[in-house]
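Read the structure below first, then the notes.
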Amino acid sequence: MRPLLKRLRGVVAALLLGLGLAAASLPASLPPAAAQAPASPSAANEQMLFNYLQGSVQGRVTIPDQKSALLIQPRGRDFQHFWRTTLKWIGGVAIGGMLAVLVLFYLIRGKVRVEAGLSGRTIERFNGLERFAHWLTASTFIILGITGLNISFGRELLLPLMGPEAFAAWSQWGKIAHNYLSFPFTLGVLLMLVIWIKDNIPNGDDVKWFAAGGGLIGHGHPPARKFNGGQKVIFWLVVLGGGAIAVTGFIMMFPFQFVTTMEGMQLATQLHGVIALLMIAIILAHIYIGSVGMEGAFAAMGSGKVDLNWAKEHHSLWVEEVMSGGRGASVPRGASKAGAD
Ligand code: HEM
Numbered sequence: 009m010r011p012l013l014k015r016l017r018g019v020v021a022a023l024l025l026g027l028g029l030a031a032a033s034l035p036a037s038l039p040p041a042a043a044q045a046p047a048s049p050s051a052a053n054e055q056m057l058f059n060y061l062q063g064s065v066q067g068r069v070t071i072p073d074q075k076s077a078l079l080i081q082p083r084g085r086d087f088q089h090f091w092r093t094t095l096k097w098i099g100g101v102a103i104g105g106m107l108a109v110l111v112l113f114y115l116i117r118g119k120v121r122v123e124a125g126l127s128g129r130t131i132e133r134f135n136g137l138e139r140f141a142h143w144l145t146a147s148t149f150i151i152l153g154i155t156g157l158n159i160s161f162g163r164e165l166l167l168p169l170m171g172p173e174a175f176a177a178w179s180q181w182g183k184i185a186h187n188y189l190s191f192p193f194t195l196g197v198l199l200m201l202v203i204w205i206k207d208n209i210p211n212g213d214d215v216k217w218f219a220a221g222g223g224l225i226g227h228g229h230p231p232a233r234k235f236n237g238g239q240k241v242i243f244w245l246v247v248l249g250g251g252a253i254a255v256t257g258f259i260m261m262f263p264f265q266f267v268t269t270m271e272g273m274q275l276a277t278q279l280h281g282v283i284a285l286l287m288i289a290i291i292l293a294h295i296y297i298g299s300v301g302m303e304g305a306f307a308a309m310g311s312g313k314v315d316l317n318w319a320k321e322h323h324s325l326w327v328e329e330v331m332s333g334g335r336g337a338s339v340p341r342g343a344s345k346a347g348a349d
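Going by my numbering, the sequence shown wraps up at 349, each residue one higher than the last.
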């Protein structure tokens with residue numbers, strides 16, 4: 009009995025001390041309305057307290073971390089509103105809109121076929137290192153995307169379906185995966201940058217490619233080198249967008265290490281969310297066209313070899329380059345200069 013009484017006394021003392029400290033620190037930077045405010049927050053109803061704390065509430069602390077003296081920061085409310093509402097709208101419209109566009113595109117255009125038919129002869133498109141870099145980036149991006157979407161939308165979409173316990177366990181594992189997979193994802197983006205930058209410098213061919221609708225609008229086959237204009241856009245979005253996601257992600261993972269202000273941390277969080285959601289939407293289009301949307305495309309990243317007729321229709325200048333032995337490329341067995349027509 010005695011230890012219980014002793015503990016109760018301790019709790020009451022701590023509560024009184026806490027209330028006293030709060031009451032002492034509040035008036036320091038309160039707006040004039042504070043004059044009519046109740047003496048202690050515990051006596052105020054919630055709405056009064058909310059009105060009462062519109063300005064920032066800054067106290068004094070003696071520990072080295074001076075940030076902890078800021079009890080209420082008005083910009084935190086804008087941040088919370090952005091996080092709970094605006095970001096969800098951005099993600100919903102971008103991802104939902106992209107899915108709708110892809111369904112429409114499929115219904116109108118159908119699968120993009122190899123018009124000359126498959127030749128049965130192949131040409132090497134991507135070597136082992138290129139495919140490793142691609143799948144390292146792709147697999148980690150997909151898991152980062154799913155676990156990131158869980159952070160943004162999980163509470164609304166999954167919690168009611170899974171129940172609190174399963175959702176808590178899944179979210180905990182998801183967060184661990186999200187943190188650790190950021191490292192191989194960053195490595196993948198850097199590898200792709202180093203390997204493919206030489207093939208992704210924009211040039212006049214890209215302008216012509218876009219002007220001709222990229223072969224997706226209509227049935228033309230505008231000439232292209234290893235990467236066409238659309239792929240170059242994807243490449244730079246992955247490198248710059250992926251780079252920005254990585255940088256802002258590391259800023260959040262090591263709080264106040266690279267960025268020292270609260271505003272900086274909030275900005276990094278907002279940028280991370282917006283760029284990631286937009287990239288997910290864009291990558292959905294890439295995944296569609298690289299798999300079910302275009303006949304013969306997946307093999308490029310699957311086996312590394314594509315059908316010669318596919319290559320001629322989508323990357324005619326690159327095929328010419330490879331056939332003429334340009335840039336050290338080897339002519340594949342079975343593929344002749346005359347092609348597969
Ligand atoms: C299941 C998922 C994915 C599939 C099926 C897929 C498929 C492909 C294919 C077939 C290519 C080669 C296209 C060609 O030969 O011209 C390619 C290229 C590429 N992929 Fe993916 N990909 C996937 C996910 C991703 C992700 C998540 C990223 C980045 C976050 C990514 C970034 C790239 C880049 C930068 C290229 C080179 C430029 C381009 O072709 O657009 N891929 N992908």
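Built from N, CA and C at the ideal position, the CB exists for glycine as well.
If you're wondering where the values come from, they're calculated on a predicted model, not measured in any experiment.
Inside the stretch 99-144 only - beta strand (DSSP E) runs reaching at least 3 residues: 130-132
Short Cβ contact (8 Å threshold) for residue 319 with residue 133: yes
Identity of the residues DSSP links to residue 66 by a beta bridge: Partner(s): 78.
Check whether residue 229 and residue 322 have beta carbons under 8 Å apart: yes
Assigned secondary structure, residue 3 (DSSP; H/G/I helix, E/B strand, else coil): This structure gives no information on residue 3, because the portion of the chain shown stretches from 9 to 349.
Same chain only: Cβ atoms within 7 Å of residue 167, ignoring 5 sequence neighbours per side: 175
Rounded C-alpha distance that separates residue 285 from residue 155: 12 Å
Straight-line gap, residue 336 to residue 330 (C-alpha atoms, nearest Å): Note that residue 336 scores a pLDDT of 43, beneath 50, so its modelled location is shaky; the value from the coordinates is reported in the next line. Between residue 336 and residue 330, the C-alpha separation is close to 8 Å.
Burial state of residue 95 (16 or more Cβ within 10 Å): buried
Residue 273, buried or exposed, once every other Cβ within 10 Å from all chains shown has been counted against 16: Under this definition residue 273 is a buried residue.
Beta-carbon contacts of residue 238 that lie in its chain and below 6 Å, excluding the five residues immediately before and after: 222
Contact test: residue 56 Cβ vs the ligand HEM heavy atom, cutoff 7 Å: no
Near the ligand HEM: residue 250 beta-carbon under 7 Å from a heavy atom: Yes, since a heavy atom of the ligand HEM falls inside the 7 Å radius drawn around the Cβ of residue 250.
Expected contact under 8 Å - CB spacing of residue 314 and residue 131 to nearest Å: 6 Å
Validate contact between the stretch 131-151 and the stretch 184-197 using beta carbons, cut 8 Å, 3 pairs: yes
Cα-Cα separation, residue 316 to residue 297: 18 Å
heavy atom of the ligand HEM below 7 Å from residue 255 C-beta: no
Bounding residues of the alpha helix (DSSP H) (the contiguous stretch that carries residue 187): In this chain, the alpha helix (DSSP H) harbouring residue 187 covers 172-204.
Residues near residue 271 by beta carbon distance below 7 Å, same chain, minus five either side: Cβ neighbours of residue 271 beyond the five flanking positions: 83.
Three-pair Cβ contact test at 8 Å for the stretch 238-256 versus the stretch 275-282: yes
Separation of residue 153 from residue 106, as counted between CA atoms: Each residue's Cα considered, the two are about 15 Å apart.
Proximity below 8 Å, CB of residue 360 to CB of residue 235: Only positions 9 to 349 of the chain appear in the structure, and residue 360 is not among them; the question remains open.
Same chain, Cβ closer than 6 Å to residue 250, five either side skipped, listed in chain order: 197
Rounded separation between residue 240 and residue 269 - CA only: 36 Å
Anticipated Cβ contact below 8 Å, residue 109 with residue 302, distance rounded: With a Cβ gap of about 16 Å, residue 109 and residue 302 do not count as contacting.
Integer Cβ distance of residue 245 from residue 205, believed to fall under 8 Å: That pair is no contact at about 14 Å.
Proximity below 8 Å, CB of residue 304 to CB of residue 126: yes
Limits of the unbroken alpha helix (DSSP H) element including residue 275: 270-298
Neighbourhood of residue 350 by C-beta distance below 7 Å, restricted to the same chain and skipping five residues each side: A question about residue 350 goes unanswered here, because the residues of the chain that appear run from 9 up to 349.
Proximity test, residue 124 beta-carbon vs the ligand HEM heavy atom, cut-off 7 Å: No, since every heavy atom of the ligand HEM falls outside the 7 Å radius drawn around the Cβ of residue 124.
Distance, residue 220 Cα to residue 191 Cα: 39 Å
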